[in-house]
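J.: Note that full-length UniProt numbering has the sequence shown beginning at 1, numbered continuously upward. All residues carry an ideal CB built from backbone N, CA and C; glycine is no exception. Please see the structure below; I have some questions.
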Amino acid sequence: MTDRVRSLSSSRPKETAVKTRRREYLSIPDLCAELGISRDTFYKWRARGTAPRCTKLPNGALRILRDDLEDWLNDRKEVA
1 MTDRVRSLSS
11 SRPKETAVKT
21 RRREYLSIPD
31 LCAELGISRD
41 TFYKWRARGT
51 APRCTKLPNG
61 ALRILRDDLE
71 DWLNDRKEVA
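This is the structure in structure tokens:
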């Protein structure tokens, strides 16, 4: 390997592994189980506009992004 080729290969940026975070979606039953609420309670919250943000899938099913649930819960924290 010549000096020129060696210097070109060493000047290339090294590839780094990029970790992509997988989005976690919860179904309504999963959300209700995690919060310890009934499905009816969730839909009452949704009707009042106080439920966590939902994503409506093309088949009509609702999903809640884990990050949106965490944000929603953090917004409801009270200072004791």
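Buried or exposed: Ile37, going by 16 or more other Cβ atoms within 10 Å of its Cβ?
T.: exposed
J.: Closest to Asp75 by CA distance: which of Leu31, Thr50, Arg22 is it?
T.: Thr50
J.: Does the distance from the C-beta atom of Glu24 to that of Arg53 stay below 8 Å?
T.: no
J.: Let's test the definition: count the other Cβ atoms within 10 Å of the Cβ of Leu57 and tell me whether it reaches 16, buried, or not, exposed.
T.: exposed
J.: Pick out whichever of Leu69, Asn59, Arg46, Ala47 has its Cα sitting closest to the Cα of Asp30.
T.: Leu69
J.: Of all the alpha helix (DSSP H) runs that stay within the bounds of the UniProt domain "Helix-turn-helix" (25-76), which reach a length of 4 or more residues?
T.: Assignment of alpha helix (DSSP H) within the UniProt domain "Helix-turn-helix" (25-76), counting only whole runs of 4 or more residues, yields 28-35, 39-48, 66-75 in chain order.
J.: For Asp40 and Ala47, what's the separation of their Cα atoms in angstroms?
T.: 11 Å
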